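Here the sequence shown stands for residues 167 to 592, numbered as in this note's numbering. Down below is the structure, laid out as structure tokens.
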Amino acid sequence: MKRFVVICLSFVLLIARTFAGPADFFDHRIFEIKLNAPVDISNNTLSVADFLQKEVIIDLKELYYGMPKKGFNLTADTMPNVSITLDFKKGLHFGVEAGVDLYSKFGISKDLFKLLAKGNSLEDDIKISIDGYVDAFAFGQVDVGFNLKKFNIRVQPAVFASLAHVTTNDAYVKAGYNKDNNSYNLLVNGNMDFYSAIPMTNELAKDTNTMINQMINQIGPSMGFDMSGQVSFKPLDFLTVTGSVRIPMAPSHLNYRTTLNYSNEWSFSVDQLTGNKKDSEGESSEGESTESTPGLDQLFSDPVAEKYYIHRPMKIAVSADFKPFSWLMSYYGTLGIGIKHPFAKDRSETYAYIDYLIGTKLSLINIISLYLSTERTDEIYKHKATLALNFRLVEVDAGIAFESSNIKTSFKGSGLGAFVTACVGF
């Protein structure tokens, strides 16, 4: 049995060696199956070093003055995917890929941290705003590539379905002094829209299997379409210049909107808060609510039939790969622009951002490679290190990153990213 396995492996390696050529034997597989599992979680203020201490001490004033004007935010992204590719000599390429793409962001205005750091007088009103969103997509795409004279052309048509879209509309906490009755009022207002492909009712939420089946059945009818492509040109043997683009063609859509709407107000007597009025006079020192507090199931409205159309981010980029010694050292860089929610009905949801990447690869004939890079991708700054072990039939890449939505705190490790990629093929 062992002899048979050795013979089979030798035969596979001989075929791979014949097609790949000596220069890219370890770098280029003809057939490949790849699994990729990245996770990114970061904030724009606190760093890992702040908590790796014997006694954790957070200077609230330093925290406030070092915070961006927009306040504190927390982001979480992931894009697990699987791909199968055939990659022959002379640029002929064919592949398929499927996965899930998730973006999320939660933010609190700087007013909260100003209050914690500097306090406030009784007469000053306070308003702390809260915002956030979640976008989740399932996607599948085909990747076709070929050479045309001195150019390599790749075309990647993709279908995608929005799984959910969540956004806050007018969420805040507001506090202020009322001179008329010498009281302090606290108002909490929360408004969040949850768009889904199926009506998310309490009854359906209790039946997980039915809910999942209905969501799967809706993926096909709600699919959108976009087209990606890239053109590469080698002006020199060691230099490749590439232009790439992802163009939205048809949006995916969600069919129902469920709204979480909570509003409540409390009033506190200033005399009672300061201890100038005793509870023995028959009045409670607790705040009086103007409304009864509803249960969680009462906060959500019944689903309303309302379509929400959404595209994946639009992308345009130019990149260059400089490989003076491809088996030992190479350099690469990318500069591009992304547009979130292109062609959205609500223009405030559409905005542009800059992406870039600068990196180097140190390699030992592509068997052991170390990638070091700094980048900004989908509004997150990342400083990444990746170790790749490539034994032709099997390759495993593992990487970690310091990251943040704020460039200053990204160097301090305000967030962490990690990924593992496993490839098998020949």
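Don't be surprised by glycine CBs; every beta carbon is placed ideally from N, CA and C. Model, not experiment: these values are computed from the prediction.
Please tell me whether Phe466 and Leu426 are closer than 7 Å, where the distance is taken between their beta carbons.
One-based indexing of the sequence shown puts residue 466 at position 300. One-based indexing of the sequence shown puts residue 426 at position 260. In this structure, Leu426 lies closer than 7 Å to Phe466 by Cβ.
Considering only C-alpha positions, which residue in the set Glu263, Phe272, Tyr522 and Ile573 is nearest to Leu240?
Reading the sequence shown from its first residue, position 74 is the one you call residue 240. It is Phe272.
Just to confirm, are Ser144 and Ser349 a CB contact at a threshold of 7 Å?
This structure does not reach residue 144, given that the chain is present from 167 up to 592, and the question cannot be answered.
Over the uninterrupted beta strand (DSSP E) stretch that includes Glu541, give me the two end residues.
The residue you call residue 541 lines up with position 375 of the sequence shown. Element bounds for Glu541: Ile534 to Thr543.
Whose CA, out of Phe404, Asp392, Asn532 and Lys548, lies closest to the CA of Arg558?
Working through the sequence shown from its first residue, we reach residue 558 at position 392. Looking at the Cα atoms, Asn532 is the closest of the given residues.
In whole angstroms, what is the alpha-carbon distance linking Asp445 and Leu226?
Here residue 445 refers to the residue found at position 279 when the sequence shown is read from its first residue. Here residue 226 refers to the residue found at position 60 when the sequence shown is read from its first residue. Residue placement at Asp445 is poorly supported in this model, since its pLDDT is 47, which falls under 50; the coordinates still yield a value, given next. As the crow flies, the alpha-carbon of Asp445 is around 34 Å from that of Leu226.
Gly257 by DSSP, collapsed to three states: which one?
Taking the sequence shown and counting its residues from 1, one reaches residue 257 at position 91. Looking at Gly257 - three-state DSSP - the assignment turns out to be helix.
Just list the residues that DSSP pairs Gln307 with in beta bridges.
Residue numbering aside, residue 307 sits at position 141 when the sequence shown is read from its first letter. The partner list for Gln307 (beta bridge, DSSP) reads Glu263 and Ala324.
Shortest alpha-carbon distance to Leu353 belongs to which of Gln396, Asp336 and Thr244?
For the purposes of this step, residue 353 is taken as the residue at position 187 of the sequence shown. Cα-wise, what sits closest to Leu353 is Asp336.
Look at Gly261 and Asp291 and say whether their C-beta atoms are less than 7 Å apart.
For the purposes of this step, residue 261 is taken as residue 95 along the sequence shown, with counting starting at 1. For the purposes of this step, residue 291 is taken as residue 125 along the sequence shown, with counting starting at 1. At least 7 Å separates the beta-carbon of Gly261 from that of Asp291.
Tell me whether Val411 sits in a helix, a strand or coil according to DSSP, three-state version.
By 1-based counting over the sequence shown, the position of residue 411 is 245. Note: Val411 maps to strand in three-state DSSP.
Please report the residue range of the beta strand (DSSP E) in which Asn239 lies.
Looking up residue 239 in the sequence shown gives position 73. DSSP places Asn239 inside the beta strand (DSSP E), whose first and last residues are Phe238 to Thr244.
Using the DSSP secondary-structure output, state which residues sit across from Met495 in a beta bridge.
Locating residue 495 in the sequence shown gives position 329, counting from the first residue. BP columns for Met495 point to Phe491 and Leu528.
Same chain only: Cβ atoms within 7 Å of Lys578, ignoring 5 sequence neighbours per side:
Within the sequence shown, residue 578 is the residue found at index 412, counting from 1. If we look at Lys578 and ignore the five residues flanking it on each side, its Cβ neighbours are Ser213 and Ala215.
Rounded to a whole number of angstroms, what is the C-alpha to C-alpha distance between Val562 and Asn355?
One-based indexing of the sequence shown puts residue 562 at position 396. One-based indexing of the sequence shown puts residue 355 at position 189. Rounded to the nearest angstrom, the two C-alpha atoms are 49 Å apart.
I'd like to know whether the C-beta atoms of Phe131 and Arg423 end up nearer to each other than 7 Å.
What is shown of the chain runs 167 to 592, which leaves residue 131 out entirely.
Whether Val205 touches Ala551 by CB criterion (7 Å):
For the purposes of this step, residue 205 is taken as residue 39 along the sequence shown, with counting starting at 1. For the purposes of this step, residue 551 is taken as residue 385 along the sequence shown, with counting starting at 1. Result no, Cβ atoms of Val205 and Ala551 do not sit closer than 7 Å.
Separation of Ser571 from Ile207, as counted between CA atoms
Reading the sequence shown from its first residue, position 41 is the one you call residue 207. Reading the sequence shown from its first residue, position 405 is the one you call residue 571. So the alpha carbons of these two residues sit roughly 10 Å apart.
N- and C-terminal bounds of the beta strand (DSSP E) containing Leu212:
On the sequence shown, position 46 is the one that residue 212 refers to. Judged by DSSP secondary structure, Leu212 falls outside any beta strand (DSSP E); it is assigned neither H nor E.
CB-CB under 6 Å to Tyr517, same chain, minus the five flanking residues each way: which ones, in chain order?
On the sequence shown, residue 517 is found 351 positions in, with the first residue counted as 1. Closer than 6 Å at the Cβ level, and outside the excluded window around Tyr517, lie Lys506.
Contact set for Lys256: own chain, Cβ-Cβ below 8 Å, skip 5 residues either direction
In the sequence shown, counting from the first residue as 1, residue 256 sits at position 90. Spatial neighbours of Lys256 in its own chain (CB-CB distance under 8 Å, excluding positions within 5 residues in sequence) are listed in chain order as Asn313.
According to DSSP, Glu289 sits in a beta bridge with which residue or residues?
For this step, residue 289 is matched to residue 123 along the sequence shown. DSSP output for Glu289 lists no bridge partner at all.
DSSP beta-bridge partners of His549
Within the sequence shown, residue 549 is the residue found at index 383, counting from 1. Looking at the DSSP assignment, His549 forms a beta bridge with Thr540 and Phe568.
Reduced DSSP category for Pro188 - H, G, I as helix; E, B as strand; rest coil
Taking the first residue of the sequence shown as 1, we reach residue 188 at position 22. Annotation note: pLDDT 46 at Pro188 (below 50); position unreliable, no value reported.
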